[in-house]
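One structure is given below, encoded as structure tokens.
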Amino acid sequence: MTEIYDKAKWHSDGEYPAELSPDQAYVYTGMFLAWAVHRGIEGEGIPVRLADAVKRRKITGATAYARLGGVLTRDVLSVVGQRFADAYYATGRFANDYAKVLAARLPTIYHVKDSWAHYDRLVLRLDARFDTWSKKSGPKRAASKNTSASRAAVRLKRLRARAKNSDVEVEHLLAFASLGDARAVAALRAIAAEHGWSTWGTKRDRRVPLGCWTDTVCAFLEGGYERLVELALDPKTKHSFALAVLEHCETMESALAVLAIVEAVERRAKPDRARLRDCVDALNLLLCFGKVSLRGKDEARARHFLHRRLANKLPITQRAGVILALRGCGNADSIALLANYSLPSPWTNVVNLTTRAIQNRRKLQRRP
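Those letters in the sequence shown? Residues 2 to 369, per this note's numbering, in order.
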């Protein structure tokens, strides 16, 4: 039984055209992954928020495949998906169809551009193959398990029990943001209304505003990262709620959303210092403690923002925070810039710590 169906490395290390970008090695399997997600036969090995981004065509299957490390394992597919992949993908039939549909007039299959237009051409063939297989040996569609819905149902059941005992914490709500299933929105709002969860409250109301946390999580589930950017920039809302959800998601999209907030705030006539300060903290958490790694222009955007912040007169604690955030995106220019700074106790070692972290990260990036 195949545990790993494919790896991008198997393609790029083989007879791969030297003139092509390494990214093209992800397109072939990415097309199959995108189809599996749209067909509803993805498994628990792909994060729900990542699958949702593919379903909404926010990212392509190749991008999602790259974020899975360029490895297509069995758990990325449901039980039905695994059975179909065993019969179709692992036997080379997908490769034949892919070449005939998309690469007939190209030098190699790796020259197929990563686009939804190409996906739309291929999906007709894949749907036909799946339908034929289902009639012969596949289970009825109704028998396939919707793992996303089942996980949401379990968490909602637990949340209701906690709500009855007044035992709900913010983390319990943020978990739904990680799940990324918009079908939970109605139930979340119903629970908040039933138990009268506080929204903004007053100075005398010291309760945790679970109602506001619910609204923010629901806004993300319905409107995605773009909606969180809007909330963070809205002067009528408290930006810290939106930033907290972005920090919890720990995705590249969440880091890019923070940068979008930064750039929008900086364009204002009077930039909000509190928002910029909290964006620094968010980048520090995402890039240095989370699983997010920016590259190229996006890494430069984060680095330039932090360099600009260092040029401002900041309290010592904020300056230390900016320096620490550079661990996740700094370069040689950052190291040279940090040589001009020294901080008092208890932040004495912050500059040296950050410098070493940047050097180590750059060494890892240079490794083949």
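Every residue gets a Cβ at the ideal spot worked out from N, C-alpha and C, and that includes glycine.
Same chain, Cβ closer than 6 angstroms to residue i, five either side skipped, listed in chain order
i      : result
Asn285 : Leu325 and Ala326
Ala9   : Ala26, Tyr27 and Gly71
His12  : Ala26
Ala104 : Ile110 and Val113
Leu175 : His249
Best match in the options for proximity to residue i [C-alpha to C-alpha]
i      : options                           : result
His39  : Lys10, Arg190 and Gly82           : Gly82
Gly70  : Lys364, Asp121 and Thr30          : Thr30
His305 : Glu264, Ile192 and Gly93          : Glu264
Ala118 : Asp7, Met32 and Leu232            : Met32
Phe177 : Arg190, Asn166 and Thr355         : Arg190
Ala312 : Leu211, Asp168 and Val323         : Val323
Arg329 : Cys280, Ala303 and His308         : Reading off the sequence shown, one finds Gly at residue 329, where the question assumed Arg. Among Cys280, Ala303 and His308, the Cα nearest to that of Gly329 is on Ala303.
Gly44  : Leu211, Gly15, Asp76 and Ala220   : Asp76
Asn361 : Ser346, Ile336, Asn341 and Trp348 : Ile336
Ala321 : Pro345, Asp299, Pro272 and Asp24  : Pro345
Leu125 : Asn166, Trp36 and Ser151          : Trp36
Phe290 : Ala233, Glu251 and Gly197         : Glu251
Val80  : Ala270, Ala52, Lys271 and Ile42   : Ile42
Lys158 : Ala188, Lys56, Leu180 and Val351  : Ala188
Ala54  : Gly225, Leu307 and Cys219         : Gly225
Val171 : Arg228, Lys239, Ala245 and Thr238 : Ala245
Gly297 : Asp7, Arg363 and Ser343           : Arg363
Where residue i falls, given that 16 or more other Cβ within 10 Å makes a residue buried
i      : result
Arg357 : exposed
Leu365 : exposed
Arg94  : exposed
Ala256 : buried
Glu254 : buried
Ile317 : exposed
Val230 : buried
Val352 : buried
Leu107 : exposed
Ala333 : exposed
Beta-carbon contacts of residue i that lie in its chain and below 8 angstroms, excluding the five residues immediately before and after
i      : result
Trp134 : Phe85, Ala88 and Tyr89
Arg58  : Trp117
Lys56  : Val38 and His39
Leu21  : Tyr111 and His112
Presumed contact (8 angstroms Cβ cut-off) between residue i and residue j, rounded CB distance
i      : j      : result
Arg18  : Thr92  : The sequence as given places Pro at residue 18; Arg does not occur at that position. That belief does not hold up - the Cβ atoms of Pro18 and Thr92 are roughly 25 angstroms apart, past 8 angstroms.
Leu288 : Leu295 : 7 angstroms
Ala193 : Gly212 : 5 angstroms
Asp235 : Val49  : Not quite, the Cβ-Cβ distance comes to about 27 angstroms (not below 8 angstroms), so this is no contact.
Thr355 : Leu339 : 6 angstroms
Val266 : Leu247 : No, Val266 and Leu247 are not in contact; Cβ-Cβ is about 14 angstroms, not under 8 angstroms.
Val370 : Leu123 : In the structure as shown, the chain begins at 2 and stops at 369. Residue 370 is therefore absent and cannot be evaluated.
Residues near residue i in its chain [Cβ-Cβ closer than 7 angstroms; skip 5 each side]
i      : result
Val169 : Leu160, Arg163 and Leu211
Glu4   : Thr74 and Arg75
Ala153 : Leu180, Asp182, Arg184 and Ala185
Touch test, the segment 111-126 against the segment 59-68, Cβ-Cβ under 8 angstroms, three pairs minimum:
A contact exists between the segment 111-126 and the segment 59-68.
Segment contact, 8 angstroms Cβ cut-off, at least three pairs: the segment 94-102 with the segment 120-130:
At 8 angstroms Cβ cutoff, the stretches touch.
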